[in-house]
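Scroll down for the structure; my scribbles are underneath it.
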Amino acid sequence: MSEKFDCIVVGAGPAGISCAFELAKGGAQVLLIERGEYPGSKNVMGGVLYRKMMEDIIPEFYKEAPLERPIVEQRFMMMDKESAVTFGYKGMEWGQEPYNNFTVLRAKFDQWFAKKAVEQGAILVNETVVLECIIEDGKVVGVRTDRPGGEVYADVVILADGVNSLLAQSLGFHKEYRTDEVALATMEVLKLDTKVIEDRFNLEPNQGCTIELFGDATKGILGTGFLYTNKDSLSIGVGTLLSGLVKHKIKPYELLEYVKNHPMIRPYIQGSESQEYLAHLIPEGGYRSMGRIVGNGVIVIGDASQLVNAIHREGSNLAMTSGRLAAETVLLAKEADDFSEGMLDRYRVELMKGFVGQDMKKYKNSTHHFDKFPQYFEQYIPMMNKAASQMFTVDGSSKWQKQKKIWNDLGSAKEKMKLAKDMYRAWRVIK
Amino acid sequence: MSEQKKGQSIEEKQYLVRFNADTKSHLHVKDTEICITSCPDKICTIFCPAEIYKWEDIRMHVGYEGCHECGSCRIGCPHQNIKWEYPKGGHGIVFRLG
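Listed in order, the protein sequences are those of chains A and B.
Residue numbers for the first sequence, in the numbering used here: -4 to 426.
Residue numbers for the second sequence, in the numbering used here: 1433 to 1530.
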């Protein structure tokens, strides 16, 4: 099959499908290649899908897409071994149109989304691995697949092949990632009765809650855990930098069991039944780990270009926006009949101008910072728990005495200085 | 870790997952000698989320059939001693939910 398309998109995740959808809608002939049995069969995320970036592609998608629950409450637990300081926000405005975000199960959602791209005219081919890009005269002109005679040509190839983008790597766009540039996340989907979920999480029907877990959920290693409500299941997971697992010699599935059995978590999931276990890498190197994302005849989008905002657990939305902007650029390139790097660079410029680039830049030092200074997770979260316990335990001592004790427990003047410096530094990297 | 017994084992977790394994492995230890002589920790046997790497005296057993295709071993092997490819199209892990 030596066919030629306007564009080939490699990988049917949120980035690739968004791109294929927009291209097909704009009248381009687009081939979407997926290596799994169906779109979603290789894809994993905790489960939060953001409404805005999805609606930029399909308005009012929530009226027909397979979603789990609109999220009305987001909680954050700063955990110690047997306690947690919790804060959060719950707002009824998130429970109605236009909504803020939803939990989704990716195998279901991605299949639906890919079907919408096909309805626009994209051609979806499953069960096909792209082995390499075909390069002629310094320009990507197509891909070689693992199908017999499987060379396909196009004016532009979009790499949306995820965190393990061997293709972008083979083009020399980025080096192999280091263990502190990726997080390994494991998760489970736990079946639980709808009514029980709503009672335990204080929800009305068709409302959802997300809980992010910090501190002891990762045994003080840089990373987070999460517990999300689906319709009749919970998604629970934990992710840490791969470097942290290596350094502390921790088995990821044992860490997941640790979270599931944590006294702050166990009551939420009691009586549930495991339905699926999943593992995946998350690109968390941020802006500094982004390699080249544009070349002659080629554009990189989504996880393949490290587009994840780890601090705000955002990724699929960055992926969708990158896919949409890539499609816009390819359509303009098609009009101009110019697929050079100079022309396609418009994608990079637009991406960096918008929220994706701005947020990537804003948090460019965060992963590295919190990795370099482990005291935030190892010391300050337990300290916060101890202070809350002291302040709220009524034992006959006065509040002034309690405050004095908490102040003294922060350590010597030198240690307090260090704490203040660390807080300032943390503020600097996220401000 | 001591709390392992209390929870669900990795074998039980893996039992929940659907795999459509190829007949050939997509993962290869490039040089077993490196595992023997230069890698006392054999850290891949620890961080692999599916525990597919198992050290057997003089060789690394690779149970590729249960691989989640996450890529950790390729990045995490301290000696870049693992050749990592995607399984043939349509093969390997098949997530039904998450």
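For each residue, glycine too, the CB sits at the ideal point set by N, CA and C.
Relative to the alpha-carbon of residue i, which residue among the options has its alpha-carbon at the smallest distance?
| i | options | result |
| --- | --- | --- |
| residue 298/A | 40/A, 24/A and -2/A | 40/A |
| residue 184/A | 341/A, 224/A, 132/A and 193/A | 224/A |
| residue 1451/B | 1524/B, 1530/B and 1529/B | 1524/B |
| residue 133/A | 340/A, 357/A, 336/A and 391/A | 336/A |
| residue 1454/B | 32/A, 22/A, 181/A and 28/A | 32/A |
| residue 204/A | 400/A, 86/A, 169/A and 26/A | 86/A |
| residue 48/A | 342/A, 93/A, 152/A and 398/A | 93/A |
| residue 313/A | 348/A, 165/A and 415/A | 348/A |
| residue 53/A | 226/A, 111/A and 406/A | 111/A |
| residue 315/A | 51/A, -2/A and 26/A | 51/A |
Can you tell me where the alpha helix (DSSP H) holding residue i begins and where it ends?
| i | result |
| --- | --- |
| residue 1446/B | 1442 to 1446 |
| residue 363/A | 361 to 367 |
| residue 1476/B | 1476 to 1479 |
| residue 247/A | 247 to 255 |
| residue 420/A | 408 to 425 |
| residue 105/A | 101 to 115 |
| residue 243/A | 237 to 243 |
| residue 1504/B | 1504 to 1508 |
| residue 16/A | 9 to 20 |
| residue 325/A | 311 to 331 |
| residue 383/A | 376 to 387 |
| residue 402/A | 394 to 404 |
| residue 193/A | 189 to 195 |
If we ignore side chains and look at the alpha-carbon of each, how far apart do residue i and residue j end up?
| i | j | result |
| --- | --- | --- |
| residue 1505/B | residue 403/A | 46 Å |
| residue 7/A | residue 1514/B | 26 Å |
| residue 140/A | residue 260/A | 45 Å |
| residue 1437/B | residue 268/A | Note that residue 1437/B scores 48 on pLDDT, short of 50, meaning its location in the model is unreliable and no value can be drawn from it. |
| residue 1435/B | residue 1442/B | In this prediction, residue 1435/B has a pLDDT of 43, which is less than 50 and means its spatial position is unreliable; what the coordinates show is noted afterwards. Approximately 13 Å between the Cα atoms of the pair. |
| residue 42/A | residue 91/A | 19 Å |
| residue -4/A | residue 1510/B | Reliability fails at residue -4/A, whose pLDDT of 46 lies under 50, so the model's placement of it is uncertain and the value that follows must be treated cautiously. About 41 Å. |
| residue 289/A | residue 258/A | 48 Å |
| residue 242/A | residue 56/A | 43 Å |
| residue 1433/B | residue 1444/B | With a pLDDT of 44 at residue 1433/B, under the threshold of 50, the modelled position of this residue cannot be trusted; read the value that follows with caution. Spanning the two alpha carbons is a distance of roughly 17 Å. |
| residue 435/A | residue 1480/B | The structure shown has nothing for residue 435/A, since chain A only spans -4 to 426. |
| residue 114/A | residue 20/A | 9 Å |
| residue 218/A | residue 332/A | 45 Å |
| residue 1522/B | residue 1470/B | 36 Å |
| residue 286/A | residue 97/A | 30 Å |
| residue 1446/B | residue 127/A | 31 Å |
| residue 1490/B | residue 239/A | 28 Å |
| residue 422/A | residue 250/A | 29 Å |
| residue 170/A | residue 199/A | 48 Å |
| residue 1496/B | residue 82/A | 42 Å |
| residue 1483/B | residue 1477/B | 6 Å |
| residue 401/A | residue 413/A | 16 Å |
| residue 374/A | residue 1457/B | 44 Å |
| residue 1519/B | residue 294/A | 24 Å |
| residue 272/A | residue 370/A | 31 Å |
| residue 263/A | residue 1507/B | 35 Å |
| residue 416/A | residue 145/A | 58 Å |
Look at residue i and residue j and say whether their C-beta atoms are less than 8 Å apart.
| i | j | result |
| --- | --- | --- |
| residue 372/A | residue 213/A | yes |
| residue 246/A | residue 231/A | no |
| residue 424/A | residue 278/A | no |
| residue 446/A | residue 296/A | Chain A is shown only over -4 to 426; residue 446/A falls outside these bounds and no answer can be derived. |
| residue 15/A | residue 1527/B | no |
| residue 64/A | residue 201/A | yes |
| residue 318/A | residue 10/A | yes |
| residue 302/A | residue 355/A | yes |
| residue 125/A | residue 28/A | yes |
| residue 35/A | residue 106/A | yes |
| residue 358/A | residue 304/A | yes |
| residue 328/A | residue 151/A | yes |
| residue 350/A | residue 147/A | no |
| residue 167/A | residue 149/A | no |
| residue 1529/B | residue 100/A | yes |
| residue 130/A | residue 95/A | no |
Where does the unbroken beta strand (DSSP E) through residue i begin, and where does it stop?
| i | result |
| --- | --- |
| residue 84/A | 79 to 85 |
| residue 1460/B | 1459 to 1461 |
| residue 343/A | It is not in any beta strand (DSSP E) - residue 343/A instead sits in the alpha helix (DSSP H) that spans 336 to 348. |
| residue 1487/B | 1485 to 1488 |
| residue 2/A | -1 to 5 |
Problem - Segment contact, 8 Å Cβ cut-off, at least three pairs: the segment 71 to 84 of chain A with the segment 368 to 388 of chain A - result: yes
Practice task
Evaluate contact between the segment 0 to 17 of chain A and the segment 141 to 161 of chain A, counting only Cβ atoms and requiring at least three cross-stretch pairs below 8 Å.
Solution key: yes
Exercise for the section: Kindly confirm or deny that the segment 223 to 241 of chain A and the segment 1459 to 1466 of chain B touch, where touching means at least three C-beta pairs closer than 8 Å. Expected result: no
Handout entry: Three CB pairs or more closer than 8 Å across the segment 66 to 73 of chain A and the segment 193 to 211 of chain A
Key = yes
Exercise for the section: Examine the Cβ distances between the segment 1487 to 1504 of chain B and the segment 114 to 128 of chain A and report whether three or more of them are shorter than 8 Å. Expected result: no
Exercise for the section: Count the CB pairs spanning the segment 9 to 24 of chain A and the segment 322 to 331 of chain A that are closer than 8 Å, and state whether there are at least three. Expected result: yes
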